[in-house]
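Here is the structure we will look at.
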């Protein structure tokens, strides 16, 4: 809602301004509705809800940073149409094992505003697109970074996962030494209480005033490469149940507890060995002509001619024709989807009907299948994904903090 729209609405509502964000406002009603939605979500996830005053400030900060990003998305032409939104809603409902109508009925039963949730979801989609454009697309992981990670973690499989609890004692970046010292003392006191056996979730709810509390004190399962850089050096060496000393970051002092550890030693995949004959449509060969040529070759193979010989003389794939159309062993996801789908439907020795892909028309023969230990390749891909996720998460935190500081924000919370 813009400030002018709010001013017009004021005489007929009990609304008041909770915050001004650039040229728009967040109203007290919007804040209350969002608190109800988040409170319901936390209860469903069995996550402790922070004290009311802390919770209200956290929800308002969440609304502020989201609104800033939605404004930026609008400025650069990012929008979310109703079709995309409705498909996303259906997916959310399906994840909860509900139809869309049943999902709406849950909101009615719990006296929650479904339309507010719907528009909030539209905003989240726009924010994801904005972040992908401004952050994700600018991040890459080099082979050297993967090698360095693997060298440092020779005794730690990248498939090892850590279940972590987290507490943050927040300290403003501009805090003076006295405030920093007080926060450090508080963090040390919490560490001592935890090591003495105090309940972690209870202390996390009391102590945390960061966005982590919105997710509870439980960070869930994370692979080594998905750990924040600050935690990455400490967590692999921790014993299950142990609590770290306070870890300093620009956000404040972090305390982590290793709740569980699990890992996978090897990774097996089903590989397929295939041959193909490719005919490419062009100015002289229509789609139908290409398909017909393959159907004729299919008849010749059925009559006893060699697939390999026909591939050598007919296939238009320069990379495999000379080898009788042999494509070697392929892991899932290597081939184009139409090709892979047709290949997966075959038994060893069988030949497909003509199949169209982005490369042209194929006749496919499945030679054999095998179970293949691709642990090394799998580990590298896992590390690549983990390092990418870590970089994205850290870049997002910095970016959101920067745009929050650059925005014009006034907070008008009343006691």
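Numbering (this note's numbering), first residue to last: 180 to 594. No residue lacks a Cβ here, since even glycine has one placed at the ideal position from N, Cα and C. Here the structure is a predicted model, which means the values were calculated and not measured.
For residue 583, decide whether its Cβ has a neighbour in chain B, counting only Cβ atoms nearer than 8 Å.
Checking the listed chains, one finds no chain B in this structure; it contains a single protein chain.
Residues near residue 385 in its chain [Cβ-Cβ closer than 7 Å; skip 5 each side]:
Translated into the one-based positions of the chain shown, residue 385 becomes position 206. Answer for residue 385: no residue qualifies.
Identify the continuous beta strand (DSSP E) that holds residue 347 and give its terminal residues.
What you label residue 347 is simply residue 168 of the chain shown in a count that begins at 1. Segment 340-349, the beta strand (DSSP E) holding residue 347.
Is it the case that the Cβ atoms of residue 457 and residue 539 are separated by a distance below 8 Å?
Your numbering for residue 457 matches position 278 in the chain shown. Your numbering for residue 539 matches position 360 in the chain shown. It is a contact, given that the beta carbons lie within the stated cut-off.
Measuring CB to CB, does residue 433 end up less than 8 Å from residue 347?
The residue given as residue 433 occupies position 254 in the chain shown. The residue given as residue 347 occupies position 168 in the chain shown. For residue 433 and residue 347, yes; Cβs fall inside 8 Å.
For the pair the region 524-534 and the region 284-295, tell me if three or more CB-CB distances fall below 8 Å.
no
What residue from 478, 487, 533 has the CA that sits closest to residue 469's CA?
For the purposes of this step, residue 469 is identified with residue 290 of the chain shown, where counting begins at 1. Comparing Cα positions, the closest option is 533.
Residue of 371, 472, 219 minimising C-alpha distance to residue 425
Along the chain shown, read from residue 1 onward, the residue named residue 425 stands at position 246. The candidate whose alpha carbon is nearest that of residue 425 is 371.
What did DSSP end up calling residue 441 once you bin it into helix, strand or coil?
Translated into positions along the chain shown, residue 441 becomes position 262. In the structure shown, residue 441 sits in a strand (DSSP, three-state: E or B).
Determine the direct distance from the alpha carbon of residue 381 to that of residue 344, and round the result to whole angstroms.
The residue labelled residue 344 in the question sits at position 165 within the chain shown. The residue labelled residue 381 in the question sits at position 202 within the chain shown. For residue 344 and residue 381, the distance between alpha carbons rounds to 12 Å.
Please report the distance separating the alpha-carbon of residue 389 from that of residue 413.
Walking along the chain shown from the start, residue 389 turns up at place 210. Walking along the chain shown from the start, residue 413 turns up at place 234. The pLDDT assigned to residue 389 is 46, lower than 50, so where the model puts this residue is not dependable, and the model offers no usable value.
Along the chain, where does the alpha helix (DSSP H) containing residue 357 start, and where does it finish?
As a working note, residue 357 is residue 178 in the chain shown. Taken as a continuous stretch (DSSP letters only), the alpha helix (DSSP H) holding residue 357 covers 356-374.
Residue 548: which of 203, 483, 511 sits nearest, CA to CA?
For the purposes of this step, residue 548 is taken as the residue at position 369 of the chain shown. Checking every option, the nearest Cα to that of residue 548 belongs to 511.
Could you have a look at residue 236 and say whether DSSP puts it in helix, strand or coil?
As a first step, residue 236 is located in the chain shown; it is residue number 57 there, counting from the start. Looking at residue 236 - three-state DSSP - the assignment turns out to be helix.
Out of curiosity, what's the CA-to-CA distance linking residue 391 and residue 360?
Reading the chain shown from its first residue, position 212 is the one you call residue 391. Reading the chain shown from its first residue, position 181 is the one you call residue 360. Because residue 391 sits at a pLDDT of 40, beneath the cut-off of 50, its placement in the model cannot be relied upon, and the following sentence gives the value as read from the coordinates. Near 22 Å, if we compare the C-alpha coordinates of residue 360 and residue 391.
N-terminal and C-terminal residue of the beta strand (DSSP E) that residue 399 is part of
In the chain shown, the residue the question calls residue 399 occupies position 220. Residue 399 -> beta strand (DSSP E) spans 397-402.
Could you tell me the alpha carbon to alpha carbon distance between residue 396 and residue 498, rounded to whole angstroms?
Walking along the chain shown from the start, residue 396 turns up at place 217. Walking along the chain shown from the start, residue 498 turns up at place 319. Going from the Cα of residue 396 to the Cα of residue 498 covers about 54 Å.
Beta-carbon within less than 7 Å of residue 228's beta-carbon, same chain only, minus the 5 sequence neighbours each way: which residues are those?
Here residue 228 is taken as the residue at index 49 of the chain shown, counted from 1. Counting only Cβ-Cβ distances below 7 Å, and skipping sequence neighbours, we find 218, 221, 234.
Identify the continuous alpha helix (DSSP H) that holds residue 406 and give its terminal residues.
Residue numbering aside, residue 406 sits at position 227 when the chain shown is read from its first letter. Premise fails: residue 406 is in no alpha helix (DSSP H) and is neither H nor E.
Do residue 264 and residue 205 come within 8 Å of each other at the CB atom, strictly closer than that value?
Sequence index remark: in the chain shown, residue 205 carries index 26 (1-based). Sequence index remark: in the chain shown, residue 264 carries index 85 (1-based). Not closer than 8 Å, so no.
Short check: CB of residue 213 to CB of residue 238, under 8 Å?
Indexing the chain shown from 1 puts residue 213 at position 34. Indexing the chain shown from 1 puts residue 238 at position 59. Yes; because the gap between Cβ atoms is below 8 Å, this pair is in contact.
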